[in-house]
Amino acid sequence: MANTPVLSINDVTISYRIEKRWIDTVRNVSLKVNAGETYGLVGESGSGKTTLLLAAMRFLADNGRVSSGSIDLEGENLLTKSTEQMRQIWGAKLNMVPQDPGGSLNPSLTIGQQIAEIAKHHYHLSERDAWAKALDKLTEVRIADAERVAKRYPHQLSGGMQQRVLIAMALSTEPKLLMLDEPTTNLDVTTEAVVLDLFHDLMRQHDTATLYVTHNLGVVAQVCDRAAVLYAGELMEDAPVTELFARPLHPYTMELMSCVPRLGTNLQRVRLRTINGNLPSLRNLPTGCIFAPRCPLAIDYCFRNKPSAVEAIPGHMVSCHRWPEIAEGRIGHDILGMSDTQISPTALPPRSVPFQPLLNVDDVNKTFPVGTPLLDTLRGKPPLSVRAVDHASFTLGAGETLGLVGESGSGKTTLARCIVGLAERNSGKVTLTEIELAPKVERRPIDVLKRLQMVFQNPEESLNPYQSIGDAIRRPLLKLANVPPDRVDRRVAELLRAVHLSESYAERFPAELSGGEKQRAAIARAFATNPDIIVCDESVSALDVSVQASILNLLQELKLQEDTAYVFISHDLAVVSYLADTIAVVYLGQIMEIGSRDAIFALPQHPYTEALISAVPIPDPTVTTERIRLEADIPSPVNLPSGCRFHTRCPRKIGAICEQQEPPWYDLGDGHFIRCHIPPEELKAAQETLDNSHVE
Numbered sequence: 015m016a017n018t019p020v021l022s023i024n025d026v027t028i029s030y031r032i033e034k035r036w037i038d039t040v041r042n043v044s045l046k047v048n049a050g051e052t053y054g055l056v057g058e059s060g061s062g063k064t065t066l067l068l069a070a071m072r073f074l075a076d077n078g079r080v081s082s083g084s085i086d087l088e089g090e091n092l093l094t095k096s097t098e099q100m101r102q103i104w105g106a107k108l109n110m111v112p113q114d115p116g117g118s119l120n121p122s123l124t125i126g127q128q129i130a131e132i133a134k135h136h137y138h139l140s141e142r143d144a145w146a147k148a149l150d151k152l153t154e155v156r157i158a159d160a161e162r163v164a165k166r167y168p169h170q171l172s173g174g175m176q177q178r179v180l181i182a183m184a185l186s187t188e189p190k191l192l193m194l195d196e197p198t199t200n201l202d203v204t205t206e207a208v209v210l211d212l213f214h215d216l217m218r219q220h221d222t223a224t225l226y227v228t229h230n231l232g233v234v235a236q237v238c239d240r241a242a243v244l245y246a247g248e249l250m251e252d253a254p255v256t257e258l259f260a261r262p263l264h265p266y267t268m269e270l271m272s273c274v275p276r277l278g279t280n281l282q283r284v285r286l287r288t289i290n291g292n293l294p295s296l297r298n299l300p301t302g303c304i305f306a307p308r309c310p311l312a313i314d315y316c317f318r319n320k321p322s323a324v325e326a327i328p329g330h331m332v333s334c335h336r337w338p339e340i341a342e343g344r345i346g347h348d349i350l351g352m353s354d355t356q357i358s359p360t361a362l363p364p365r366s367v368p369f370q371p372l373l374n375v376d377d378v379n380k381t382f383p384v385g386t387p388l389l390d391t392l393r394g395k396p397p398l399s400v401r402a403v404d405h406a407s408f409t410l411g412a413g414e415t416l417g418l419v420g421e422s423g424s425g426k427t428t429l430a431r432c433i434v435g436l437a438e439r440n441s442g443k444v445t446l447t448e449i450e451l452a453p454k455v456e457r458r459p460i461d462v463l464k465r466l467q468m469v470f471q472n473p474e475e476s477l478n479p480y481q482s483i484g485d486a487i488r489r490p491l492l493k494l495a496n497v498p499p500d501r502v503d504r505r506v507a508e509l510l511r512a513v514h515l516s517e518s519y520a521e522r523f524p525a526e527l528s529g530g531e532k533q534r535a536a537i538a539r540a541f542a543t544n545p546d547i548i549v550c551d552e553s554v555s556a557l558d559v560s561v562q563a564s565i566l567n568l569l570q571e572l573k574l575q576e577d578t579a580y581v582f583i584s585h586d587l588a589v590v591s592y593l594a595d596t597i598a599v600v601y602l603g604q605i606m607e608i609g610s611r612d613a614i615f616a617l618p619q620h621p622y623t624e625a626l627i628s629a630v631p632i633p634d635p636t637v638t639t640e641r642i643r644l645e646a647d648i649p650s651p652v653n654l655p656s657g658c659r660f661h662t663r664c665p666r667k668i669g670a671i672c673e674q675q676e677p678p679w680y681d682l683g684d685g686h687f688i689r690c691h692i693p694p695e696e697l698k699a700a701q702e703t704l705d706n707s708h709v710e
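In the working numbering, the protein residues as written are 15 to 710.
Structure below.
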């Protein structure tokens, strides 16, 4: 039994009944996870990652089934177990941490009650002992003041805190196998870094086998020991993580890696590689290799013959006819734009346009009233408010991109909405080529509206589900751009082609499009009026890396062709470093640092910028970076800290001055400013020799 894998998935095929027909969504997948091993599952959306995880949990929907193969937990086939038998296994031996912590916790029970309930059920503990165990588990996941947190309800905790609670609940029964489904996808990069460090340490401490589903290759490189790459329900490659990243042998793995913007390596105007085409329809699968229609290395043989999984080198499985040629370096690296596993994308033409001020944001403030207790109102206390944007100022030039970065709740989106007029600013000015814009969008003339457009984070919410894509694009053409009716359809076709969609998409509805296609349609609509500026609010954050790369390239192409300026909001610094010319780092409504892209990634940096950059997971397991972790939660914007707003979390806090006095602006030259009490020379020296008390 000592050599038996904790989880063994053997030649498993999973099917769903759709319209009276069984469709195989996962086909002939085999993998093994050993004790203490973290096994990553990566691939695009629709590749079958979550389906495989749900099958291993026995959580498939009523119309789903495992058609063939076996799923063994410590040598016992879970597929032969009854529901009653599985109830004895769930929790005790097998547990899961889902993607959305808020939706997984009971809103009507305190955190302590929920963990104690598990302890009482599995260990038959008394109320007092179960509560003590709950506090122990909260302490184990590094939650300070566990007793206070245990008495809180889920909605009173941050997303990162909720995710720690779920990990505490999952580990409270000491399971043999833990399943994680994109557990950090919805978290800020700083919170994600803390949760991943915690997870990594706990898995080693408990010797727990883990199956980790993610689309983030940086996360795989950071926390996984081994990883498998899934494509359209089939296993393409399976290897130890260091081997997989050093010598990928499948073209799909190589393509995925080449799509990822690398922090600090994409600072020139380069084109990210993309994967041509889309996932195949599961109703009409290719005859030969399933990846052949999208593979740049495919030959006729690949289209006619299905490859078998072979062990190319010990411990490294691959399903590709041409892996020997790839392993020998005869093919692949030049075609896929790779050299020694580092990306070398095709260069885009450089831009040499002199700076022309286009948008000026001057001392903009925005507050939101919040509910004030009746007793406080009767006592004459002033009403409470959230200061979402605090004295924000910057200038954006024609054809430039300003990146706004920061954690959730920092005020990025509110500032963007003040610019476009969707949120009414309280004070300050927003001018577009010396025309002061009204605070509300409805008070702005058509000439201004067509010059300033926005692409939202979720295209499903910004596209009318009952309106065709063509109609969605026609509306701004007719209402704002004054395009003659007889030329509208021609212009719609031109815009669709510009975002690499065929003219036939004009007749489709949003439900018929993939996530990436919807976002392309939203971008086409934004460009319909030939705007001077487009505000992009997390417009690629929910997309697969392959689709994300395509959208980023598209935005860059349109920027160069149309001389369009962007205000680009993102929590992903690697994405921002690819697209932005200037970066503003926002924290609790204030801009803490602003400067050119190169300046932001050079020393000195504001301590908050430094922490954001150090938290980005690098998609290379051989790279070790100096880590600064922000353990504390971001303070409430209703009760802002005195002095420097970052002092409650700052690893470089120098004393009472940070707590009591607003920090000054330091002008570092060339438009680079830092808001910090530490003089730039001292800050640079400290960052060059990192304080071991704050850095791993």
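Cβ coordinates follow ideal geometry from the N, Cα and C atoms, glycine included.
Which whole-angstrom value describes the C-beta separation of residue i and residue j, a residue pair presumed to lie in contact below a C-beta threshold of 8 Å?
{"i": "T267", "j": "M250", "result": "6 Å"}
{"i": "A495", "j": "A542", "result": "6 Å"}
{"i": "G174", "j": "V208", "result": "7 Å"}
{"i": "G60", "j": "L293", "result": "5 Å"}
{"i": "L191", "j": "L21", "result": "5 Å"}
{"i": "I129", "j": "M183", "result": "6 Å"}
{"i": "A164", "j": "A146", "result": "At roughly 10 Å, the Cβ-Cβ gap does not stay under 8 Å, so A164 and A146 are not in contact."}
{"i": "S591", "j": "D684", "result": "At roughly 17 Å, the Cβ-Cβ gap does not stay under 8 Å, so S591 and D684 are not in contact."}
Where does residue i sit, in a helix, a strand or coil, going by DSSP?
{"i": "L87", "result": "strand"}
{"i": "R240", "result": "strand"}
{"i": "R276", "result": "coil"}
{"i": "K95", "result": "coil"}
{"i": "I692", "result": "coil"}
{"i": "E188", "result": "coil"}
{"i": "R285", "result": "strand"}
{"i": "A160", "result": "helix"}
{"i": "D558", "result": "coil"}
{"i": "T638", "result": "coil"}
{"i": "E521", "result": "helix"}
{"i": "D143", "result": "helix"}
{"i": "Y480", "result": "coil"}
{"i": "D76", "result": "coil"}
{"i": "L697", "result": "helix"}
{"i": "L194", "result": "strand"}
{"i": "S591", "result": "helix"}
{"i": "Y167", "result": "coil"}
{"i": "E81", "result": "Reading off the sequence, residue 81 comes out as Ser, not Glu. S81: strand per DSSP, three-state reduction."}
Could you tell me the alpha carbon to alpha carbon distance between residue i and residue j, rounded to whole angstroms?
{"i": "A341", "j": "L311", "result": "13 Å"}
{"i": "V43", "j": "S560", "result": "23 Å"}
{"i": "L210", "j": "L194", "result": "12 Å"}
{"i": "G62", "j": "L568", "result": "28 Å"}
{"i": "I692", "j": "T662", "result": "16 Å"}
{"i": "H708", "j": "T445", "result": "Only weak support is given to the placement of H708: the predicted model assigns it a pLDDT of 39, under 50, and the value that follows is read from those uncertain coordinates. Approximately 42 Å, taken between the alpha carbons."}
{"i": "N544", "j": "T447", "result": "16 Å"}
{"i": "N706", "j": "E526", "result": "Only weak support exists for where N706 lies, its pLDDT of 42 falling under 50; the value from the coordinates is given anyway. Those two C-alpha atoms are separated by around 53 Å."}
{"i": "R41", "j": "I23", "result": "12 Å"}
{"i": "N109", "j": "T52", "result": "14 Å"}
Considering just the uninterrupted stretch of the alpha helix (DSSP H) at residue i, what are its terminal residues?
{"i": "R713", "result": "Since the displayed the chain opens at 15 and closes at 710, residue 713 lies outside it and no answer follows."}
{"i": "I648", "result": "I648 -> no alpha helix (DSSP H), and no H or E assigned at all."}
{"i": "F582", "result": "Premise fails: F582 lies in the beta strand (DSSP E), 579-583, not in any alpha helix (DSSP H)."}
{"i": "L68", "result": "63-71"}
{"i": "L108", "result": "Unbroken run through L108 is the beta strand (DSSP E), 108-111; no alpha helix (DSSP H)."}
{"i": "Y137", "result": "125-137"}
{"i": "V502", "result": "499-512"}
{"i": "G529", "result": "529-540"}
Would you mind reading off the limits of the beta strand (DSSP E) that contains residue i?
{"i": "K380", "result": "371-383"}
{"i": "V227", "result": "223-227"}
{"i": "E251", "result": "248-254"}
{"i": "V209", "result": "Not the beta strand (DSSP E): V209 falls in the alpha helix (DSSP H), residues 203-220."}
{"i": "V549", "result": "547-551"}
3 or more residues per run - each beta strand (DSSP E) lying fully within the segment 15-60: 21-32, 35-47, 52-56
- prompt: Residue ranges of each alpha helix (DSSP H) run of no fewer than 4 residues wholly in the segment 650-688, ordered along the chain?
  reply: 670-674
message: Please give me, in chain order, every unbroken run of the beta strand (DSSP E) with length at least 3 that falls completely inside the segment 400-477.
response: 415-419, 441-446, 466-469
message: Which runs of the alpha helix (DSSP H) at least 4 residues long sit entirely within the segment 311-353? Give them in chain order.
response: 314-318, 337-341
- request: Any chance you could list the alpha helix (DSSP H) runs of at least 4 consecutive residues sitting entirely within the segment 593-623, in chain order?
  value: 611-614
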